[in-house]
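All remarks here apply to the structure that follows.
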Amino acid sequence: MRLYSVVLKDVFRRKAKLAIAVLGIIVAASAMVAVVTTFSAATESLYEESNNFGANIIVRPQTNSIPLIAGSTSLGSISTGDNYILESDIPGIYDIENSANLGVVAPRLYGVVGLGHENVIVMGVDVEQEQNLRSWWKVNGEWLSDPNGTEVMLGSDIAKPLGLDVGSAITLEGNGVDMEFEVVGIVESTGGEEDGYIIMPLSVSQTLLDKEGKVSSIDVRALCNDCPVSEMSLQIEGALPDVEARAMSQIVQSEMAMIKHTQTSAMAISIITLLVSTLTVASTMLASVNEKIREIGIMRAIGASDHQVISMLFLEGALIGTIGGSIGFGTGTLLSYLIAPLLGFAEPFPMWELLPLVSGMAVLVGIVASIIPAKRALSIDPAEVLRSV
Amino acid sequence: MSNGLIHASGLKKSYKIGPNDVEVLHGIDMDIENGEFVSIMGQSGSGKTTLMNLIGMLDRPTGGSILIDGDDITTISRKEMVDYRRRTVGFVFQQFHLIPSLTAYENVALPLVFAGDKGHSAALDALERVELSHRLDHKPSELSGGEQQRVAIARALVMSPKILLADEPTGALDKETGERIISLLNSLKDDMTVVMITHNHELARMSDRIINLQDGKIKE
Numbered sequence: 024m025r026l027y028s029v030v031l032k033d034v035f036r037r038k039a040k041l042a043i044a045v046l047g048i049i050v051a052a053s054a055m056v057a058v059v060t061t062f063s064a065a066t067e068s069l070y071e072e073s074n075n076f077g078a079n080i081i082v083r084p085q086t087n088s089i090p091l092i093a094g095s096t097s098l099g100s101i102s103t104g105d106n107y108i109l110e111s112d113i114p115g116i117y118d119i120e121n122s123a124n125l126g127v128v129a130p131r132l133y134g135v136v137g138l139g140h141e142n143v144i145v146m147g148v149d150v151e152q153e154q155n156l157r158s159w160w161k162v163n164g165e166w167l168s169d170p171n172g173t174e175v176m177l178g179s180d181i182a183k184p185l186g187l188d189v190g191s192a193i194t195l196e197g198n199g200v201d202m203e204f205e206v207v208g209i210v211e212s213t214g215g216e217e218d219g220y221i222i223m224p225l226s227v228s229q230t231l232l233d234k235e236g237k238v239s240s241i242d243v244r245a246l247c248n249d250c251p252v253s254e255m256s257l258q259i260e261g262a263l264p265d266v267e268a269r270a271m272s273q274i275v276q277s278e279m280a281m282i283k284h285t286q287t288s289a290m291a292i293s294i295i296t297l298l299v300s301t302l303t304v305a306s307t308m309l310a311s312v313n314e315k316i317r318e319i320g321i322m323r324a325i326g327a328s329d330h331q332v333i334s335m336l337f338l339e340g341a342l343i344g345t346i347g348g349s350i351g352f353g354t355g356t357l358l359s360y361l362i363a364p365l366l367g368f369a370e371p372f373p374m375w376e377l378l379p380l381v382s383g384m385a386v387l388v389g390i391v392a393s394i395i396p397a398k399r400a401l402s403i404d405p406a407e408v409l410r411s412v
Numbered sequence: 734m735s736n737g738l739i740h741a742s743g744l745k746k747s748y749k750i751g752p753n754d755v756e757v758l759h760g761i762d763m764d765i766e767n768g769e770f771v772s773i774m775g776q777s778g779s780g781k782t783t784l785m786n787l788i789g790m791l792d793r794p795t796g797g798s799i800l801i802d803g804d805d806i807t808t809i810s811r812k813e814m815v816d817y818r819r820r821t822v823g824f825v826f827q828q829f830h831l832i833p834s835l836t837a838y839e840n841v842a843l844p845l846v847f848a849g850d851k852g853h854s855a856a857l858d859a860l861e862r863v864e865l866s867h868r869l870d871h872k873p874s875e876l877s878g879g880e881q882q883r884v885a886i887a888r889a890l891v892m893s894p895k896i897l898l899a900d901e902p903t904g905a906l907d908k909e910t911g912e913r914i915i916s917l918l919n920s921l922k923d924d925m926t927v928v929m930i931t932h933n934h935e936l937a938r939m940s941d942r943i944i945n946l947q948d949g950k951i952k953e
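Taken in sequence, the protein lines are chains B and P. Throughout the first sequence, residue numbering follows our numbering, covering 24 to 412 in sequence. Throughout the second sequence, residue numbering follows our numbering, covering 734 to 953 in sequence.
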């Protein structure tokens with residue numbers, strides 16, 4: 024027999040008391056796990072949303088806008104300045120301070136060409152970079168594969184009216200040049216501007232539009248969720264001449280701030296719950312010590328040291344913490360599965376990395392809650408206790 | 734100074750009750766020899782249990798001294814007190830005071846656990862000595878009063894103490910069972926000194942010597 028088996032036998036003899044103390048820990052641990060798991064799912068949802076949203080930073084040529092005002096009536100504005108970025112300037116982006124955070128740098132060229140009697144917009148793309156950026160696109164057929172090939176993908180809004188499908192051949196009339204293309208894929212509607220575009224390799228579009236070495240814009244995706252995109256925008260503007268770089272993450276960041284604020288509030292409530300549960304465990308254990316006052320007196324009379332009395336109570340507290348923490352992790356995770364859909368977040372997943380953390384914290388709560396009962400136990404005078412019974 | 738195992742000299746104990754100090758023992762001088770079976774008798778409130786608590790170091794005197802084998806135990810540290818209770822004395826109480834969640838065997842082995850002794854064969858030997866080898870796995874609630882007291886005696890014997898202190902060990906038992914317990918205690922004096930508190934003259938006569946206490950003093 025060991026000291027811990029004495030504790031185990033005693034604890035399981037008083038199951039009702041054990042259940043109350045364990046319940047206190049379960050409530051606190053569940054609340055914490057549910058908050059962390061649910062808000063982790065919320066954050067994931069937002070990141071996923073922001074990924075689908077596209078680039079973090081859009082780089083465009085810098086243009087000056089001159090407002091046209093007649094009297095008190097605005098007649099719009101006119102832009103001045105070059106409408107293109109030189110392709111040869113693009114490598115400069117990789118020299119910025121936060122270059123390690125650069126994921127995708129996707130240059131694009133836009134222009135209008137003729138297709139039969141119609142005018143259509145073509146979008147030239149860096150095939151590899153664009154595919155990384157638009158990995159969520161659903162393409163019927165195939166993605167563009169050859170950076171210099173005469174193949175195109177069509178947006179869904181343009182394919183149907185023109186009666187085009189995968190395998191169709193089209194002739195596009197550019198600036199003094201006609202080129203034959205094969206349709207290799209139709210992009211399912213994304214709800215974005217690309218639904219109305221003909222998408223082709225960048226170099227081919229430059230030839231067709233007679234814009235050799237030029238691009239209209241560059242979409243940049245930063246690799247991390249919390250990148251300082253505003254800072255990176257400024258760095259890009261510093262690295263490339265005559266461009267303006269706009270961070271597209273303000274909305275995401277403000278949503279993230281709101282989620283973090285809510286998470287902090289929920290966590291504060293969880294911590295209060297934790298404190299309350301500590302008091303619950305402490306009062307239950309204190310009641311248990313008062314109930315066991317005679318047994319503790321006997322144990323001290325037959326040779327239990329102060330250290331052994333304290334160890335037994337701490338062990339009891341740790342046991343309550345372990346059981347409560349483990350069950351609390353399970354119930355908290357289940358709770359998050361119920362809460363997350365109600366709040367419109369993605370389905371959460373069990374965060375196993377929380378288990379040792381929550382169990383450790385629950386054990387700590389159990390031990391902290393045992394301090395006052397242990398002090399009470401040490402003050403028990405065996406002579407007095409045994410005299411009064 | 735006597736060569737006795739227990740030598741009390743001018744032993745005093747007072748308790749604070751409200752603003753007043755109430756003296757329960759008024760200077761006890763007493764010697765108990767090695768291997769003696771001594772009964773301490775007296776009316777309620779005469780200080781019998783207080784005297785036993787002082788010998789067992791469950792409490793400290795407010796004056797005088799107690800020498801055990803020549804060593805003064807009244808000035809020892811809290812840690813030494815624990816060690817003294819573990820190895821030098823064994824207690825038997827009127828209400829048995831067994832731990833209800835533990836079996837007979839586990840109750841007897843408990844002092845060994847506290848002392849850090851790994852082998853528990855002494856617990857089996859002690860239970861055999863009180864003829865309860867067949868009730869090892871029974872919890873106190875499954876044992877008769879006499880059996881519970883024998884388990885308590887086995888627990889007191891398990892560390893082979895020099896002194897066994899028994900406070901009204903038959904108080905909760907019928908006459909016949911009580912006499913069996915006294916016979917058992919009597920049989921232990923070859924190995925240890927037995928000090929028994931009782932107010933039963935008939936049982937006290939079964940011991941080697943009777944010390945009478947009256948109002949906190951030894952009555953000659």
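All residues carry an ideal CB built from backbone N, CA and C; glycine is no exception. On a predicted model such as this, the values are computed, not experimentally measured, just so you know.
- Item | For Thr-836 (chain P), three-class secondary structure by DSSP | Working through the second sequence from its first residue, we reach residue 836 (chain P) at position 103. Coil, per DSSP.
- Which of the residues in the segment 815-832 of chain P, read from start to end, lie with their CB under 7 angstroms from any CB of chain B? Hits within the stretch, in order: Val-815, Arg-818, Arg-819, Phe-824, Phe-826, Gln-828, His-830 and Ile-832.
- Query: Just by C-beta distance, which residues in the segment 306-318 of chain B are closer than 9 angstroms to chain P?
  - Reply: Against chain P - using a Cβ distance shorter than 9 angstroms - the residues of the segment 306-318 of chain B are Arg-317 and Glu-318.
- Item | Closer than 8 angstroms to chain B by CB, Ala-792 (chain P) | Translated into positions along the second sequence, residue 792 (chain P) becomes position 59. According to the sequence shown, residue 792 (chain P) is Asp rather than Ala. Judged by the 8 angstroms Cβ criterion, Asp-792 (chain P) is in contact with chain B.
- Message: To the nearest angstrom, how far is the alpha carbon of Val-412 (chain B) from that of Arg-317 (chain B)?
- Response: The residue given as residue 412 (chain B) occupies position 389 in the first sequence. The residue given as residue 317 (chain B) occupies position 294 in the first sequence. Confidence in Val-412 (chain B) is poor, its pLDDT being 43 and thus under 50, which makes the residue's placement too unreliable to answer from.
- Message: Give me, in chain order, the residues of the same chain whose beta-carbon lies closer than 7 angstroms to that of Ile-943 (chain P); leave out the 5 immediate sequence neighbours on both sides.
- Response: Translated into positions along the second sequence, residue 943 (chain P) becomes position 210. Excluding positions up to five away in sequence, the list reads Ser-772, Met-774 and Ala-937.
- Could you tell me if Lys-887 (chain P) is buried or exposed, where buried requires 16 or more neighbouring beta carbons within 10 angstroms of its beta carbon? Here the question's residue 887 (chain P) lines up with position 154 in the second sequence. The amino acid occupying residue 887 (chain P) in the given sequence is Ala; Lys does not appear at that position. Burial call: buried.
- Query: From Ala-65 (chain B) to Leu-177 (chain B), what does the alpha carbon distance come to, in whole angstroms?
  - Reply: Position 42 of the first sequence, counting from 1, holds the residue named residue 65 (chain B). Position 154 of the first sequence, counting from 1, holds the residue named residue 177 (chain B). In this structure, the alpha-carbon of Ala-65 (chain B) lies about 34 angstroms from that of Leu-177 (chain B).
- Query: Between the C-alpha atoms of Val-58 (chain B) and Arg-883 (chain P), what's the straight-line distance to the nearest angstrom?
  - Reply: Taking the first residue of the first sequence as position 1, residue 58 (chain B) is located at position 35. Taking the first residue of the second sequence as position 1, residue 883 (chain P) is located at position 150. Between Val-58 (chain B) and Arg-883 (chain P), the alpha-carbon positions lie close to 57 angstroms from each other.
- Nearest-angstrom Cα separation, counted from Glu-211 (chain B) out to Asp-242 (chain B): Translated into positions along the first sequence, residue 242 (chain B) becomes position 219. Translated into positions along the first sequence, residue 211 (chain B) becomes position 188. Straight-line spacing of the CA atoms in Asp-242 (chain B) and Glu-211 (chain B) works out to 21 angstroms.
- Is DSSP giving Asn-753 (chain P) helix, strand or coil here? One-based indexing of the second sequence puts residue 753 (chain P) at position 20. In the structure shown, Asn-753 (chain P) adopts extended strand secondary structure according to DSSP, grouped into three states.
- Using a Cβ cut-off of 9 angstroms, pull out every chain B residue sitting near Ala-848 (chain P), in sequence order please. Here residue 848 (chain P) corresponds to residue number 115 of the second sequence, with the count starting at 1. Under the 9 angstroms cutoff, chain B gives Gly-326.
- Query: Cα-Cα, which of P:Val-825, P:Leu-787 and P:Arg-819 is closest to Thr-903 (chain P)?
  - Reply: Numbered from 1 along the second sequence, position 170 holds the residue referred to as residue 903 (chain P). Of the candidates P:Val-825, P:Leu-787 and P:Arg-819, the one whose C-alpha sits nearest the C-alpha of Thr-903 (chain P) is P:Val-825.
- Query: At what residues does the alpha helix (DSSP H) containing Phe-35 (chain B) begin and finish?
  - Reply: By one-based count along the first sequence, residue 35 (chain B) stands at place 12. For Phe-35 (chain B), the enclosing alpha helix (DSSP H) covers residues 26-36.
- Report the residue from P:Gly-797, P:Leu-890 and P:Leu-857 whose alpha carbon sits nearest the alpha carbon of Asp-954 (chain P). Examination of residue 954 (chain P) is not possible in this model, given that chain P is present from 734 through 953 alone.
- Query: Could you give the distance in angstroms between the alpha-carbon of His-330 (chain B) and the alpha-carbon of Glu-756 (chain P)?
  - Reply: Along the first sequence, one-based indexing puts residue 330 (chain B) at 307. Along the second sequence, one-based indexing puts residue 756 (chain P) at 23. In this structure, the alpha-carbon of His-330 (chain B) lies about 32 angstroms from that of Glu-756 (chain P).
- Query: Between which two residues does the beta strand (DSSP E) harbouring Tyr-133 (chain B) extend?
  - Reply: Residue mapping note: residue 133 (chain B) aligns to position 110 of the first sequence, counting from 1. Start and end: 125-138.
- Message: If contacts are defined as beta-carbon pairs under 8 angstroms, then Met-146 (chain B) and Ser-293 (chain B) qualify, I think. What distance do you get, rounded to the angstrom?
- Response: Residue 146 (chain B) sits at position 123 when you count from the first residue of the first sequence. Residue 293 (chain B) sits at position 270 when you count from the first residue of the first sequence. Wrong, their Cβ atoms sit about 49 angstroms apart, outside the cutoff.
- Message: Would Pro-84 (chain B) and Tyr-107 (chain B) qualify as a contact pair, given that the criterion is a beta-carbon distance under 8 angstroms?
- Response: Counted from its first residue, the first sequence places residue 84 (chain B) at position 61. Counted from its first residue, the first sequence places residue 107 (chain B) at position 84. With respect to the 8 angstroms criterion, Pro-84 (chain B) and Tyr-107 (chain B) are classified as neighbours on the basis of their beta carbons.
- Hey, does Gln-331 (chain B) have any beta-carbon neighbour from chain P nearer than 8 angstroms? The count along the first sequence starts at 1 and reaches residue 331 (chain B) at position 308. At least one chain P Cβ lies under 8 angstroms of Gln-331 (chain B).
- Listing by chain order, which chain P residues have their CB less than 7 angstroms from the CB of Ala-406 (chain B)? Reading the first sequence from its first residue, position 383 is the one you call residue 406 (chain B). Those within 7 angstroms of Ala-406 (chain B) in chain P are Asn-786, Leu-791 and Asp-792.
- Taking the beta strand (DSSP E) that Lys-781 (chain P) falls in, what are its first and last residues? Within the second sequence, the letter at position 48 stands for residue 781 (chain P). Following the DSSP letters along the chain, one finds Lys-781 (chain P) in no beta strand (DSSP E) but inside the alpha helix (DSSP H) bounded by residues 781-788.
- Query: Would a C-beta distance cut-off of 8 angstroms place Gly-47 (chain B) and Thr-303 (chain B) closer than the cut-off?
  - Reply: Position 24 of the first sequence, counted from the start, is the residue given in the question as residue 47 (chain B). Position 280 of the first sequence, counted from the start, is the residue given in the question as residue 303 (chain B). Going by beta carbons, Gly-47 (chain B) and Thr-303 (chain B) fall inside the 8 angstroms limit.
- Task: Show which residues of chain P have a CB atom less than 8 angstroms away from the CB atom of Met-335 (chain B).
- Result: As a first step, residue 335 (chain B) must be located in the first sequence, where it is residue number 312. Neighbours of Met-335 (chain B) on chain P: none; closest Cβ ~10 angstroms, over 8 angstroms.
- Query: Of the choices P:Asp-764, P:Gly-751 and P:Glu-813, whose alpha-carbon is the least far from that of Gly-743 (chain P)?
  - Reply: One-based indexing of the second sequence puts residue 743 (chain P) at position 10. Put simply, of P:Asp-764, P:Gly-751 and P:Glu-813 the residue whose alpha carbon is nearest the alpha carbon of Gly-743 (chain P) is P:Asp-764.
- When the distance is taken between beta carbons, is Val-29 (chain B) closer than 8 angstroms to Met-5 (chain B)? Residue coverage of chain B in this structure runs from 24 to 412, which leaves residue 5 (chain B) outside it and unanswerable.
- What whole-angstrom Cβ distance do Ser-382 (chain B) and Gly-348 (chain B) have, given they're in contact under 8 angstroms? The residue given as residue 382 (chain B) occupies position 359 in the first sequence. The residue given as residue 348 (chain B) occupies position 325 in the first sequence. Between Gly-348 (chain B) and Ser-382 (chain B) the Cβ distance is about 4 angstroms, and since that is below 8 angstroms, they are a contact.
- Contact check, Ala-245 (chain B) vs Leu-156 (chain B), beta carbons under 8 angstroms: Taking the first sequence and counting its residues from 1, one reaches residue 245 (chain B) at position 222. Taking the first sequence and counting its residues from 1, one reaches residue 156 (chain B) at position 133. No; because the gap between Cβ atoms is not below 8 angstroms, this pair is not in contact.
- Query: Are the C-beta atoms of Lys-32 (chain B) and some chain P residue less than 8 angstroms apart?
  - Reply: The sequence position of residue 32 (chain B) within the first sequence is 9, counting from 1. Interface residue, yes.
- Message: Here's a check: name, in chain order, each residue in its chain whose Cβ is nearer than 7 angstroms to the Cβ of Ile-809 (chain P), leaving out the five neighbours to either side.
- Response: Taking the second sequence and counting its residues from 1, one reaches residue 809 (chain P) at position 76. Counting only residues of its own chain and dropping the five nearest sequence neighbours on each side, Ile-809 (chain P) has a CB closer than 7 angstroms to the CB of Tyr-817.
- Task: Determine which residues share a DSSP beta bridge with Glu-5 (chain B) and list them.
- Result: For residue 5 (chain B) there is no data in the structure shown, the boundaries of chain B being 24 and 412.
- Look at the alpha carbon of Thr-86 (chain B) and the alpha carbon of Pro-379 (chain B), and state the distance between them as a whole number of angstroms. Mapped onto the first sequence, residue 86 (chain B) falls at position 63. Mapped onto the first sequence, residue 379 (chain B) falls at position 356. Whole-angstrom Cα-Cα distance: 56 angstroms.
- Message: For the pair the segment 381-395 of chain B and the segment 900-917 of chain P, tell me if three or more CB-CB distances fall below 8 angstroms.
- Response: These segments do not touch.
- Query: Under 8 angstroms between the Cβ atoms of Asp-233 (chain B) and Ser-179 (chain B)?
  - Reply: Numbered from 1 along the first sequence, position 210 holds the residue referred to as residue 233 (chain B). Numbered from 1 along the first sequence, position 156 holds the residue referred to as residue 179 (chain B). No. Outside cutoff.
- Quick one: residues in its chain with C-beta nearer than 6 angstroms to the C-beta of His-740 (chain P), no 5 flanking neighbours on either side, listed in chain order? For this step, residue 740 (chain P) is matched to residue 7 along the second sequence. Taken in chain order, the residues that qualify are Asp-764 and Leu-800.
- Message: Please state the DSSP three-state secondary structure of Pro-84 (chain B).
- Response: Within the first sequence, the letter at position 61 stands for residue 84 (chain B). When DSSP states are grouped into helix, strand and coil, Pro-84 (chain B) belongs to the strand group.
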